[in-house]
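Q:
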Amino acid sequence: GLPLSDSEADALFACSEGWISLTYLLFSSYVEKEVWRFDSADIYDLMEEIMLLPLPERHQQFLTCCSIAGSFTRQQASFLWQEDSREILDQLTRRNAFIRYDDDGVYHAHNLLLHNTRNRFEALPQTERQAIWQRLGDWHLSQQEYLSAMLAYRKADAWESLLCTLEADNGSSLFMGQKNMVQEWIASCPKDALRLHPDAILLLAMECFTAGEVDTLLRLREFLLTSVEENPDLTEQERNNYRGDAEVLLSMLSFNDISAMSAYQRAACMLISTYSHLVGPESLWTFGSPSVLMLYHSESGALDKENRDMRECMLFYYQLSNGNGNGAEHVMQVESDYMRGALEDTEINYHLALNAARRKKQWSVLITAEFIAMRLDLLAGNYEKMKQRMNGLRQTLKDNNQFLLFDTMDLCQGWMYALIGRTEEIPAWLLSDSAEANVPPFVAPILLTIQNQARLAAGEYAALIAHGDEYKDRFAAQKMALCRIYLHIQLAIALYKLNRQGQALIELRAAFALAAPDGILMPFAENGRGVWDLLSDLEQMGEYTEEIAAIRPHAAALDSAMQRIWQEHYAAAQDYGLTDRELEVARLAAQRKTTQEIAQALSLSAYTVKNHLKHIFDKLDISGTERNKRALLEKVLSEMKNSP
């Protein structure tokens, strides 16, 4: 019902640009003074004048105090304000549209209002600001909101409270995205305060390990040892416990050298009387990786030894961690069996791993076991079972509040759908340029391997090749042998697709050089369509003939399973199990091109074309003279083209 002429309406729109918050402020100003303030240059000045200055001084002080919380309950506001806030909040919400109250009992201050009140807060004396931040930290701690409490204590420079909260939380609230924050804490915390909190030192050192900050970790380790030696309140056994945890830290730094890790863990077992402060049943043993073998297979030709070492190492580790990672040694054996194509052994050891992980509620290990089961489902062409397993596992994690492992499930999902060729069903964050920031450094090669598999599925061959040299160096430096095998295969396929057969063969030979000493077959089989021609070329040259003969049945089984999945679930055209290259050869042969013409068109040798034609006629059950075969082939391809 306010009077508003056309010119005033135009001025209102020009001033506010339709921004409802500014429009509301202008209306409020008019109601207050019966003058339109279309000349207001700063909305924050208008907020100060219209919404804050008219309030009683006590109300202004209340909003300034509570501004650091932004959103708050009545009880939280009273805790911060140190008086009952009921009357003030009732008055504020009645007359101020910039403070609203929701059904959950939470008050929300608008960002415009917060901007002004927080500026006022920053103008308070430092001691007053720190006291309010301290109270906010105390409130969050009383609600067991540990990270929020630590953030508030840091604002208050309340290091004793922060370190006690970190110890109470056992570091559970810290994760990858907070690397810079943790490093700032370490740099800023007074050494005298930190010295009295050896448990906090250990937790901060563990965060450094996760973030790849090795130098800082080693400095913290030395500081820990000095601190416990100088602390007169510790018993000798308590000192030994911390000395043992210092050995556990060194074992972490020997990551994926299982023998070296075991040596440090044995030394720790001799010192620690109970369990390690660093690792417990709730810790994520895999650090978020969906594969034990990708983490710990570090040396070509050493796979059997690595499995033996893992079985021995875990016995000591379980003593330190009260069962953390239970079943990991079985998973590593399961993955080894699968990679070697020993599918019956894979099935047996899968159940051993599953039972061990469930017994101690080791959800991260459970995922690695189920990841192999998903691949067995895929090999059998049982797409529905694979999806049910994936969805059921997500629900299990949700039911047990294991939300940190959702990223691990995304990695599993990304791999499975990259193999199937459904890149649109890969979680988007996995394919983003910033994806690496979400995983620990030693899981990054696994993420990059999944990204490469997705690039293959999407036909992004040049992008894959462009990263090749960088990834080779990184994977070799991190001793990730299985990731290196996949990388060479992926590069071989990408190069072949771009008609660089010579370079492709070099990459495939490099993959075999790493895989053959351990009998690893399945990375080739999982990429069977892409490497089929290159395998034939190596066979013709007499290279890796036994390995290739062992790969082909698994590659054929997977290819057949993929065909069935696409036909049954994605309405794909029937291609009778022909590979992409075989389809290209078949189409040219159906056009009555000669063997030499096909070879020239596809940059293949005549021998390879003849080999393809034999496989094509065998798969399509076509017999007769060469001329009759090609006529029948033309008919079959026509039927394939017209099928739904």
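Position in the sequence shown (from 1) plus 10 gives the number in this note's numbering. Glycine included, every Cβ here is placed at the ideal spot set by N, Cα and C.
#1: Contact between the stretch 620 to 638 and the stretch 593 to 610 is defined here as three or more beta-carbon pairs at a separation below 8 Å; is this criterion met?
#2: Is the stretch 198 to 214 touching the stretch 172 to 187 in the sense that three or more CB pairs, one from each, lie closer than 8 Å?
#3: Answer yes if the stretch 363 to 376 comes into contact with the stretch 280 to 300, meaning at least three C-beta pairs across the two stretches below 8 Å, and no otherwise.
#4: Need the endpoints of the alpha helix (DSSP H) that V192 sits in, please.
#5: So does the stretch 304 to 320 actually touch the stretch 267 to 275, counting three or more Cβ pairs closer than 8 Å?
#6: Are the CB atoms of N126 and Y54 within a distance shorter than 8 Å?
#7: If you measure between the beta carbons of A521 and A535, is that distance less than 8 Å?
#8: Below 8 Å between beta carbons: does that hold for V192 and E217?
#9: Is the stretch 110 to 119 in contact with the stretch 73 to 92, if contact means three or more CB pairs nearer than 8 Å?
#10: Where does V45 fall in DSSP's three states?
#11: Tell me whether the beta-carbon of Y156 lies closer than 8 Å to the beta-carbon of S183.
#12: Measuring straight from C-alpha to C-alpha, what distance separates A514 and N537?
#13: Let me check understanding here. Comparing Cα to Cα, which of D167, Y617, A566 lies closest to E549?
#14: Quick one: give me the first and last residue of the alpha helix (DSSP H) that H564 is part of.
#15: In the DSSP assignment, what are the bridge partners of Y252?
#16: If you draw a straight line from the C-alpha of L364 to the C-alpha of N392, how long is it?
#17: Roughly how many angstroms separate the alpha carbons of A583 and Q577, rounded to a whole number?
#18: Given a cut-off of 8 Å, decide if I211 and L244 are closer than it, judged by their beta-carbon atoms.
#19: For L474, which option in A454, L531, V449, L508 has the closest C-alpha, if you only look at C-alpha atoms?
#20: On the CB-based measure, 16 or more other CB atoms within 10 Å of its CB, does P135 come out buried or exposed?
#21: In chain order, what residues of the same chain lie with their CB nearer than 6 Å to the CB of A565, ignoring the 5 residues before and after it?
#22: Roughly how many angstroms lie between the CA atoms of E339 and M262, to the nearest whole one?
#23: State the start and end residues of the unbroken alpha helix (DSSP H) segment that holds T137.
#24: Roughly how many whole angstroms lie between the Cα atoms of F381 and M342?
#25: Does DSSP classify F655 as helix, strand or coil?
#26: When DSSP builds the beta bridges, which residues end up paired with A119?
#27: Considering S182, what are the terminal residues of the alpha helix (DSSP H) in which it resides?
#28: Could I get the ranges of all uninterrupted alpha helix (DSSP H) runs contained in the stretch 314 to 386, with 4 residues as the minimum, in chain order?
#29: Which residue's Cα is closest to the Cα of K43: A24, P64, I30?
#30: Assess, as a yes-or-no matter, whether the stretch 522 to 531 is touched by the stretch 488 to 497 under the definition of 3 or more beta carbon pairs within less than 8 Å.
#31: If L389 and A567 are in contact, beta carbons under 8 Å, what's the gap, nearest whole angstrom?
#32: Where does S15 sit, in a helix, a strand or coil, going by DSSP?
#33: Mind checking whether L403 and E345 have CB atoms under 8 Å apart?
#34: Counting along the chain, where does the beta strand (DSSP E) carrying S237 start and finish?
#35: How big is the Cα-Cα spacing for I98 and K397?
A: Result, derived from the coordinates:
#1: Because the criterion of three Cβ pairs below 8 Å is met, the stretch 620 to 638 and the stretch 593 to 610 touch.
#2: Contact between the stretch 172 to 187 and the stretch 198 to 214 is present: 3 or more CB-CB pairs across the two stretches fall below 8 Å.
#3: With the cut-off at 8 Å, the stretch 280 to 300 and the stretch 363 to 376 touch.
#4: Mapped onto the sequence shown, residue 192 falls at position 182. 189 to 198 is the extent of the alpha helix (DSSP H) around V192.
#5: Contact holds: three or more Cβ-Cβ distances are below 8 Å.
#6: Numbered from 1 along the sequence shown, position 44 holds the residue referred to as residue 54. Numbered from 1 along the sequence shown, position 116 holds the residue referred to as residue 126. Taking 8 Å as the Cβ cut-off, Y54 and N126 qualify as a contacting pair.
#7: Counted from its first residue, the sequence shown places residue 521 at position 511. Counted from its first residue, the sequence shown places residue 535 at position 525. In this structure, the beta-carbon distance from A521 to A535 does not fall below 8 Å.
#8: Reading the sequence shown from its first residue, position 182 is the one you call residue 192. Reading the sequence shown from its first residue, position 207 is the one you call residue 217. In this structure, E217 lies closer than 8 Å to V192 by Cβ.
#9: With the rule of 3 Cβ pairs closer than 8 Å, the stretch 110 to 119 counts as touching the stretch 73 to 92.
#10: Here the question's residue 45 lines up with position 35 in the sequence shown. Per DSSP, reduced to three states, the secondary structure at V45 is coil, with no helix or strand assignment.
#11: Taking the sequence shown and counting its residues from 1, the one referred to as residue 156 is at position 146. Taking the sequence shown and counting its residues from 1, the one referred to as residue 183 is at position 173. Using a Cβ distance threshold of 8 Å, Y156 and S183 count as a contacting pair.
#12: Stepping through the sequence shown from its first residue, residue 514 is reached at position 504. Stepping through the sequence shown from its first residue, residue 537 is reached at position 527. Straight across, the Cα-Cα distance linking A514 with N537 is about 14 Å.
#13: Here residue 549 refers to the residue found at position 539 of the sequence shown. Sorting D167, Y617, A566 by C-alpha distance to the C-alpha of E549 places Y617 at the top.
#14: Counting from 1 along the sequence shown, the entry for residue 564 is found at position 554. Start and end: 555 to 579.
#15: One-based indexing of the sequence shown puts residue 252 at position 242. DSSP, once it has assigned bridges, lists no residue as partnering Y252.
#16: Locating residue 364 in the sequence shown gives position 354, where the first residue counts as 1. Locating residue 392 in the sequence shown gives position 382, where the first residue counts as 1. So the two alpha carbons sit approximately 20 Å from each other.
#17: By 1-based counting over the sequence shown, the position of residue 583 is 573. By 1-based counting over the sequence shown, the position of residue 577 is 567. Since pLDDT at A583 reaches only 48, below the 50 mark, its modelled position is unreliable, and no value is offered.
#18: Taking the first residue of the sequence shown as position 1, residue 244 is located at position 234. Taking the first residue of the sequence shown as position 1, residue 211 is located at position 201. With contacts defined as CB atoms closer than 8 Å, L244 and I211 fail to qualify as a contacting pair.
#19: Taking the sequence shown and counting its residues from 1, the one referred to as residue 474 is at position 464. When each option's Cα is compared against that of L474, the closest is L508.
#20: For the purposes of this step, residue 135 is taken as the residue at position 125 of the sequence shown. Its Cβ having fewer than 16 others within 10 Å, P135 is exposed.
#21: For this step, residue 565 is matched to residue 555 along the sequence shown. The residues are A535, G538.
#22: Within the sequence shown, numbered from 1, the residue matching residue 339 stands at position 329. Within the sequence shown, numbered from 1, the residue matching residue 262 stands at position 252. In this structure, the CA atom of E339 is about 17 Å from the CA atom of M262.
#23: What you label residue 137 is simply residue 127 of the sequence shown in a count that begins at 1. T137 -> alpha helix (DSSP H) spans 136 to 152.
#24: As a first step, residue 381 is located in the sequence shown; it is residue number 371 there, counting from the start. As a first step, residue 342 is located in the sequence shown; it is residue number 332 there, counting from the start. Going from the Cα of F381 to the Cα of M342 covers about 12 Å.
#25: With the chain covering 11 to 654 only, the question about residue 655 has no answer from this structure.
#26: Here residue 119 refers to the residue found at position 109 of the sequence shown. Answer by DSSP bridge pairing, in chain order: I109.
#27: Taking the first residue of the sequence shown as 1, we reach residue 182 at position 172. In this chain, S182 is not harboured by any alpha helix (DSSP H), its DSSP state being neither H nor E.
#28: Given a length threshold of 4 residues, each whole run of the alpha helix (DSSP H) inside the stretch 314 to 386 is given here in chain order: 338 to 349, 353 to 369.
#29: Counted from its first residue, the sequence shown places residue 43 at position 33. Put simply, of A24, P64, I30 the residue whose alpha carbon is nearest the alpha carbon of K43 is P64.
#30: Put simply, the stretch 488 to 497 touches the stretch 522 to 531. At least three CB pairs are less than 8 Å apart.
#31: Numbered from its first residue, the sequence shown carries residue 389 at position 379. Numbered from its first residue, the sequence shown carries residue 567 at position 557. The pair is a contact, with the Cβ atoms about 6 Å apart (cut-off 8 Å).
#32: The residue labelled residue 15 in the question sits at position 5 within the sequence shown. Correct three-state label for S15: coil.
#33: Counted from its first residue, the sequence shown places residue 403 at position 393. Counted from its first residue, the sequence shown places residue 345 at position 335. Inclusion of L403 and E345 in the CB contact set at 8 Å is not warranted, their separation being larger than that value.
#34: Numbered from 1 along the sequence shown, position 227 holds the residue referred to as residue 237. Unbroken run through S237 is the alpha helix (DSSP H), 224 to 240; no beta strand (DSSP E).
#35: Translated into positions along the sequence shown, residue 98 becomes position 88. Translated into positions along the sequence shown, residue 397 becomes position 387. For I98 and K397, the distance between alpha carbons rounds to 54 Å.
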